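Structure first, commentary second.
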Amino acid sequence: MDVYDYVIVGAGSAGCVLAARLSEDPGVRVALVEAGGPDTAPEIHTPLAFPSLFSSAWDWDYHSAPEPGLDGRRAPLPRGRVLGGSSSMNAMIYIRGNPADYDAWSANGAPGWAWRDVLPYFLRAEDNERGATALHGAGGPLTVSDGRSRHVMMDAFVEAAQQAGHPRNEDFNGPRQDGVGHYQLTQRNGMRCSTAVGYLRPALERPNLDVLTDTLCGPLLFDGDRVTGVEIERAREVSALHAAREVVLCAGTYNSPHLLMLSGIGPAATLAACGITPRVDLPVGENLQDHLHAGVSYLSGTESLLTARTERNVALLVGSGRGPLTSNVAEAGGFLRTREGLAAPDAQIHAAPVLFTEDLLAVPSQHGFVIGAALLCPTSRGSVVPRSALPSTKPRVQHNYLATAEDRDTMVRAVRVVLEIAGQPALKPHRGDPLHAPASAGDADILAFVRRQAQTIYHPVGTCAIGTVVDPDLRVRGVEGLRVVDASVMPTIVRGNTNAPTVMIAEKAADLLRDRTAVPRIAADAIAPAS
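Under the numbering used here, the very last position in the sequence shown is 536; numbers go up by exactly one each time.
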């Protein structure tokens, strides 16, 4: 019988962090279980190649149920199925969110998760090439770099946004979030720095850490009200891993709630309808949130990233970690408020010097660029539910995008801002005919465009939220020996890309599991303001 102190399910953005931190103690044994394989494919580490990972062997390849708010379309929902998880296939943008996000968590049932509580864990994780400051870390496992691909169209976008009245911002994780500029990225020497690269790889030689790849986890194992392990299937053989201390689910916003519900932890009526005996009645799988993104695209006579794969650029990447192949696609962007009276931004801009085709699932055939707007604080809520009691069956995911009038109105205002930026003089030399754009700047035409064109920007959160499913120490309510540590515990989505916050959650969870506070709480007067 395989017995460990900790069994971690999912070697993604959070799981790799947690395995590395817990195995620092040579007195504990840690098992890290991943359904996918090792992160050896060159497409994983070449930044520009990440869209080729979608709908591949490294992707769970989920799709939503038909979305009423998107004209009944089924949205592709890429999620990493590989060491590093989605940090091995994301666009590498390093954004923490807004301090107001975490203060709202704390004020609404998540004590210990205010900005002053979580900032030390962001700092501990970070190795920013700009050096350490009050708001940035240096020497941590996660390398954060300025982008090494500065496409001429992205410089033009930043200038155009300034012409439209948006201030330049050199650091979206600095004293203020508002403004436009180039994103910092989780890259090291021009290559992807996933949590598998930054955290797990240095820990692999530890004798107290076992990493099991290509291993599917089934239901949790119980002794009374205590979780004692998890059933696994590997090479078509079913066995079990047992945890003397705790099982930790790090399987992500879709898979962590799915595994809980397969084990009888979730809404009782939903479980019974799937033939699963309810064990603990909790709102698992509810509260699903995501950032919806609508991109306006234009053809261009300027050469885009479409033709970046040349021998010269490969040599630049391999030889010096530079050139177009280091591009994360969404090189530039920013944060803005679409109406007066807001305490913090409600929309994020992503700009890319290449066209998006079929939700990035196809290669474009023409040169162009995209400027898109993402809804930062959605009020619509979706859900994840099992389709059956079989662990191998994908869950049903319904995001309910644009279900509320508030979300629809904000998206209309945000896309109108994009149109204003796209029409500025700085982009005129690069702007050809629109490829995907609203028929007019009127509300009805913009909303119709959003319903027709919008896609996820890959930030699902909230299905095992602090305060309803887990307590502030991330322990699942109603059972013992079980925690959830990933983006699913966010009560509300943060204003920005969600990978850095997920790493922070895992850093903090490592101290919660070890029952210690390794970093001091930040004093109130040292905290950057929300705007």
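C-beta atoms are modelled at their ideal positions from N, C-alpha and C, and glycine is treated no differently.
None of these values were measured; they are calculated from a predicted model.
Report the partner residues of residue i according to the DSSP bridge assignment.
i	result
E485	R231
S302	V375, H441
M196	R193
D286	G271
E238	L221, V243
R401	V390
N133	V149
V38	V14, L217
R211	According to DSSP, which records beta bridges pairwise, R211 is partnered with nothing at all.
Q294	V466
Q460	H298
Whose C-alpha, out of the options, is nearest the C-alpha of residue i?
i	options	result
E512	Y9, E29, L395, T409	E29
P506	A337, A46, T200, V474	T200
A40	R34, M196, A62	A62
R344	Q294, T415, S332	T415
I510	N292, C21, F55, L381	C21
Q353	F361, G486, H296	H296
T409	G42, T312, L75, T45	L75
Y204	D176, A515, R521, D520	A515
R314	L37, A54, D7	A54
L23	D132, H141, M94, P146	P146
R181	R342, A449, H404	R342
G501	V489, L380, R413, S244	L380
E316	L330, Y303, I100	L330
N103	L124, P83, G89, V87	L124
L452	R173, V420, S332, V163	V420
Beta carbon of residue i, beta carbon of residue j: below 8 Å?
i	j	result
L287	G15	no
S92	G17	yes
V474	T258	no
A19	A348	no
V301	A431	no
V390	A357	no
G339	A166	yes
Q192	M266	no
G472	G114	yes
P3	G223	Look at the range of the chain in this structure, 6 to 536, and you will see that residue 3 is not part of it.
L360	G346	no
Q460	H247	no
Would you identify the three-state DSSP class for residue i, choosing helix, strand or coil?
i	result
V466	strand
E316	helix
A535	With a pLDDT of only 44 at A535, under 50, the local geometry of the prediction cannot be trusted, and the value read off the model is given with reservation. Coil, per DSSP.
S244	strand
C222	strand
R153	coil
I100	coil
L381	coil
D64	strand
P81	strand
S546	Residue 546 lies beyond the residue range present for the chain, which begins at 6 and ends at 536; the question has no answer from this structure.
G472	coil
V508	helix
D10	strand
D491	coil
A337	strand
E251	strand
E48	helix
R173	strand
H435	coil
E425	helix
V185	strand
R418	helix
V359	coil
Does at least one heavy atom of the ligand ATP sit under 7 Å from the Cβ of residue i?
i	result
W118	Judged by which ligands are present, the structure shown has none, so any question about the ligand ATP falls away.
Quick one: is residue i buried, meaning 16 or more other Cβ sit within 10 Å of its Cβ, or exposed?
i	result
S1	The question about residue 1 has no answer here: the residues shown for the chain are numbered 6 through 536.
V35	buried
R197	buried
V323	exposed
R135	exposed
S445	exposed
D530	Residue placement at D530 cannot be trusted, given a pLDDT of 46 that sits under 50; what the coordinates show is reported in the next sentence. Flag for D530 reads exposed.
S370	exposed
S325	exposed
A25	buried
E72	buried
P534	Low confidence applies here, because P534 scores a pLDDT of 44, under 50, leaving its location unreliable; read the following figure in that light. So P534 counts as exposed.
T233	buried
T51	buried
V481	buried
V243	exposed
Could you confirm whether any beta carbon from chain B is found closer than 8 Å to the beta carbon of residue i?
i	result
A349	Going by chain labels, chain B is absent from the structure shown, which holds only one protein chain.
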